[in-house]
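K.L.:
First residue of the sequence shown? That's 1 in the UniProt record's numbering, and the numbers climb one at a time after it.
Quick one: structure below, then a few questions.
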Amino acid sequence: MTAGTTGTSGASAELPELSELSELSELSELSELSELSELSEIPEFPFPGTSYRGPDPLFTRLRAERPVVRVRWTGGGHAWLITRHEDVRRVLDDTRFSRAASYAPEAPTFQGLFQAPPGMIVSLDPPDHTRLRRLAEQAFSRTRIEGMRPRVREVAVRLLDALDKKAADGGPVDLVEGFAAPLAMAVICELLGVPEQDRDQFLVWVRQFADVSGPEELAVEGREKLGAYIAGLVGGKMAAPADDVLSDLIAARDGEDRLSFEELVGLGYTLLGGGFDSAAGQISNFTLTLLAHHPEVWRRLGEHPEDVPRAVEELLRTVNLTGNDTSGMPRIATEDVTVAGVTIPAGDAVFLAFASANRDASVFPDPETADFGRADNPHLAFGHGIHHCLGAPLARVELAVALEELTARYPDARPAVPEPELLWRVGDVNHNLVSLPVHLRRSTS
Numbered sequence: 001m002t003a004g005t006t007g008t009s010g011a012s013a014e015l016p017e018l019s020e021l022s023e024l025s026e027l028s029e030l031s032e033l034s035e036l037s038e039l040s041e042i043p044e045f046p047f048p049g050t051s052y053r054g055p056d057p058l059f060t061r062l063r064a065e066r067p068v069v070r071v072r073w074t075g076g077g078h079a080w081l082i083t084r085h086e087d088v089r090r091v092l093d094d095t096r097f098s099r100a101a102s103y104a105p106e107a108p109t110f111q112g113l114f115q116a117p118p119g120m121i122v123s124l125d126p127p128d129h130t131r132l133r134r135l136a137e138q139a140f141s142r143t144r145i146e147g148m149r150p151r152v153r154e155v156a157v158r159l160l161d162a163l164d165k166k167a168a169d170g171g172p173v174d175l176v177e178g179f180a181a182p183l184a185m186a187v188i189c190e191l192l193g194v195p196e197q198d199r200d201q202f203l204v205w206v207r208q209f210a211d212v213s214g215p216e217e218l219a220v221e222g223r224e225k226l227g228a229y230i231a232g233l234v235g236g237k238m239a240a241p242a243d244d245v246l247s248d249l250i251a252a253r254d255g256e257d258r259l260s261f262e263e264l265v266g267l268g269y270t271l272l273g274g275g276f277d278s279a280a281g282q283i284s285n286f287t288l289t290l291l292a293h294h295p296e297v298w299r300r301l302g303e304h305p306e307d308v309p310r311a312v313e314e315l316l317r318t319v320n321l322t323g324n325d326t327s328g329m330p331r332i333a334t335e336d337v338t339v340a341g342v343t344i345p346a347g348d349a350v351f352l353a354f355a356s357a358n359r360d361a362s363v364f365p366d367p368e369t370a371d372f373g374r375a376d377n378p379h380l381a382f383g384h385g386i387h388h389c390l391g392a393p394l395a396r397v398e399l400a401v402a403l404e405e406l407t408a409r410y411p412d413a414r415p416a417v418p419e420p421e422l423l424w425r426v427g428d429v430n431h432n433l434v435s436l437p438v439h440l441r442r443s444t445s
């Protein structure tokens, strides 16, 4: 990989390796020595201090002092980390940073990093991405997404009715197993037209596919079985269209252009990643955040459901979904590009720290505080630019309905175990709880 450079105020200096620091002891400029030593103290990335509650506190310092910095990846290799809101948006808009190039044989690789399969919409650059996006958006019209709201609510109510029966003896219930995961799975399966009897097996394959810490053969098995199932689903919808998004994608046209069979299967994967794993994780994480840290907001939202959409946006900003504070999808500089005074050489990998950008004080006043009345909230939870999440409108519907139903029904809900005792899925792409035991007390009003 090409050696990286960094600098401030337009100056640039090659980053020293740790072994080189001893050679700097005779430098007359003590400030320069201090600066280089500070850089050497940056831990390997992903940083260890990240959690669902936010990115590692180191990001605050990086935004102020080193908004574009070269980091060592755990397991080997280097990449550039972009931490400020303005710079992240700029890179997302700059076609010189390529997603597709990250799949080239010569591209940097990062051990343990989940990469979406090549050919998926999140893995493409224009013009291939532009064409695929134009066709796919036809299936995600505002009318269709809003039309799903009653069905999402119906599923949520049915699941909570079942939880009420489990909670009748006063014991705790698991909101992951009993609500968040099955709600997200039901929504994505209805989008794709997956029969109800197949959904449990579908969930097993999704978990295998998303786990980057387990045996590689299990991840491959999950990917292959999901691919085979989705391929069969696409073939069936081609022969007998139904009232679902997958059938709409099959019917999408741009003149004579249409999505190929392989592209339809790839979009099925895309919908799974954003539509299930992310949604299930954030329903649980939002619930934990409110119950453990903002119980007064939980009760207020139950009384004022009209405030839920704004609360969802602030939760999207402050609750950290991803395990490494980025989208997990590197971009490759296709030529030398200068960002915030730092030249990123052609061929180097770049990670965009969305969780850090969402804490940028130049954009969000008092960024570390969850302000549930925040009016101006240009967070980057769904990305920006051409790769802005295709399913963002549906995610907002799903998250809002989940909170509306939970807060209205259970104003006095509380966690059943201390937060430090909660178990998280190790190796998942996202911060996903294994379970969330909660004491429920249904409102009598």
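The C-beta atom is built at its ideal place from N, Cα and C for all residues, glycine as well.
Could you tell me the alpha carbon to alpha carbon distance between Leu163 and Val71, rounded to whole angstroms?
P.N.:
Going from the Cα of Leu163 to the Cα of Val71 covers about 46 Å.
K.L.:
Note down, in chain order, each residue of its chain lying with its Cβ closer than 6 Å to the Cβ of Ala381, except the 5 sequence neighbours on either side.
P.N.:
The answer, listed in chain order, is Leu316.
K.L.:
When we look at the beta-carbon of Gly232 and count the other beta-carbons within 10 Å, is it buried (16 or more) or exposed?
P.N.:
Exposed.
K.L.:
Going by the DSSP bridge assignment, what does Asn430 pair with across the sheet?
P.N.:
Paired residue(s): Thr322.
K.L.:
Name the DSSP bridge partner or partners of Arg72?
P.N.:
Looking at the DSSP assignment, Arg72 forms a beta bridge with His78.
K.L.:
Check the DSSP bridge columns for Ala333 and list the partner residues they point to.
P.N.:
For Ala333, which the question treats as bridged, DSSP gives the partners Phe97.
K.L.:
Suppose contacts are defined by Cβ-Cβ distances below 8 Å. Is Arg134 in contact with Asp254 by that definition?
P.N.:
The answer is yes: Cβ separation under 8 Å.
K.L.:
The beta strand (DSSP E) that contains Pro437, what's its start and end?
P.N.:
Per DSSP, Pro437 belongs to the beta strand (DSSP E) from 437-439.
K.L.:
Three or more C-beta pairs under 8 Å: does that hold for the segment 98-118 against the segment 323-339?
P.N.:
Yes, they touch.
K.L.:
Can you give me the C-alpha to C-alpha distance between Met120 and Tyr269, rounded to a whole angstrom?
P.N.:
Spanning the two alpha carbons is a distance of roughly 8 Å.
K.L.:
Quick check on Val176: buried or exposed, where buried means 16 or more other Cβ atoms within 10 Å of its Cβ?
P.N.:
By the neighbour-count rule (16 or more Cβ atoms within 10 Å), Val176 is buried.
K.L.:
Where Gln201 and Gln208 are concerned, what is the direct C-alpha to C-alpha distance, given to the nearest angstrom?
P.N.:
Approximately 11 Å between the Cα atoms of the pair.
K.L.:
Please state whether the Cβ-Cβ distance between Ala139 and Ala252 is less than 8 Å.
P.N.:
It is a contact, given that the beta carbons lie within the stated cut-off.
K.L.:
State the Cα-Cα distance for the pair Phe179 and Leu160, rounded to the nearest angstrom.
P.N.:
When rounded, the distance between both Cα atoms is 7 Å.
K.L.:
Would a C-beta distance cut-off of 8 Å place Lys237 and Gly193 closer than the cut-off?
P.N.:
Cβ distance < 8 Å, so Lys237 and Gly193 count as in contact.
K.L.:
Need the endpoints of the alpha helix (DSSP H) that Leu191 sits in, please.
P.N.:
Start and end: 181-192.
K.L.:
Ignore the nearest five residues each way along the sequence and tell me which others in Pro241's own chain have a CB closer than 8 Å to its CB.
P.N.:
Once the five neighbours on either side are set aside, the close Cβ partners of Pro241 are Ser247, Ile250, Ala251.
K.L.:
Cα-Cα, which of Thr130, Val68, His304 is closest to Glu86?
P.N.:
Residue Val68 is the option with its Cα nearest to Glu86.
K.L.:
Locate the alpha helix (DSSP H) running through Leu406, then write down its first and last residues.
P.N.:
Run containing Leu406: 392-409, per the alpha helix (DSSP H) assignment.
K.L.:
Hey, Thr289 and Val319 are a contact pair by Cβ (cut 8 Å); roughly how many whole angstroms apart?
P.N.:
At roughly 5 Å, the Cβ-Cβ gap stays under 8 Å, so Thr289 and Val319 are in contact.
K.L.:
Just grab the DSSP bridge partners of Ser51 for me.
P.N.:
Partner(s): Gly54.
K.L.:
Okay, do the segment 294-301 and the segment 423-430 touch, 3+ Cβ pairs below 8 Å being the bar?
P.N.:
Touching, no.
K.L.:
Going by DSSP, what residues sit across from Thr343 in a beta bridge?
P.N.:
Answer is Thr338, bridged to Thr343.
K.L.:
Which partner residues does Trp205 have in the DSSP bridge list?
P.N.:
Answer is none; Trp205 lacks a bridge partner.
K.L.:
Could you tell me which of Phe286, Ala400, Asp198, Glu335 sits nearest to Lys225, measuring between CA atoms?
P.N.:
Minimum Cα distance to Lys225 is reached at Asp198.
K.L.:
Span of the beta strand (DSSP E) holding Val245?
P.N.:
Counting along the chain, Val245 falls outside any beta strand (DSSP E), though it belongs to the alpha helix (DSSP H) covering 245-251.
K.L.:
With which residues is Pro415 paired in a DSSP beta bridge?
P.N.:
Answer by DSSP bridge pairing, in chain order: Val438.
K.L.:
Are the beta-carbon atoms belonging to Leu436 and Thr287 less than 8 Å from one another?
P.N.:
Yes; because the gap between Cβ atoms is below 8 Å, this pair is in contact.
K.L.:
Can you say whether Ala370 is buried or exposed, counting buried as having 16 or more other CB atoms within 10 angstroms of its CB?
P.N.:
Buried, by the Cβ-count rule.
K.L.:
What residue range does the alpha helix (DSSP H) around Val363 cover?
P.N.:
Segment: none, Val363 is in no alpha helix (DSSP H) and carries neither H nor E.
K.L.:
Using three-state DSSP, classify Ala381 as helix, strand or coil.
P.N.:
Three-state DSSP puts Ala381 in coil, outside helix and strand.
K.L.:
Across the segment 363-378 and the segment 91-98, are there enough close Cβ pairs to call them in contact, namely three or more that are closer than 8 Å?
P.N.:
The segment 363-378 vs the segment 91-98: no contact.
K.L.:
Below 8 Å between beta carbons: does that hold for Glu433 and Ser284?
P.N.:
Correcting the residue identity first, residue 433 is Leu in this sequence and not Glu. Closer than 8 Å, so yes.
K.L.:
Could you tell me the alpha carbon to alpha carbon distance between Arg258 and Arg144, rounded to whole angstroms?
P.N.:
Arg258 and Arg144: Cα-Cα distance of roughly 20 Å.
K.L.:
Output needed for Asp94: all residues of its chain with C-beta closer than 8 Å, excluding positions within five of it in sequence on either side, in chain order.
P.N.:
Excluding sequence neighbours, Asp94 sits near Val337.
K.L.:
Quick test of your reading: Val206 and Gly275, contact by CB under 8 Å. State the CB separation rounded to the nearest angstrom.
P.N.:
Actually they do not touch by this definition, with Cβ atoms about 10 Å apart.
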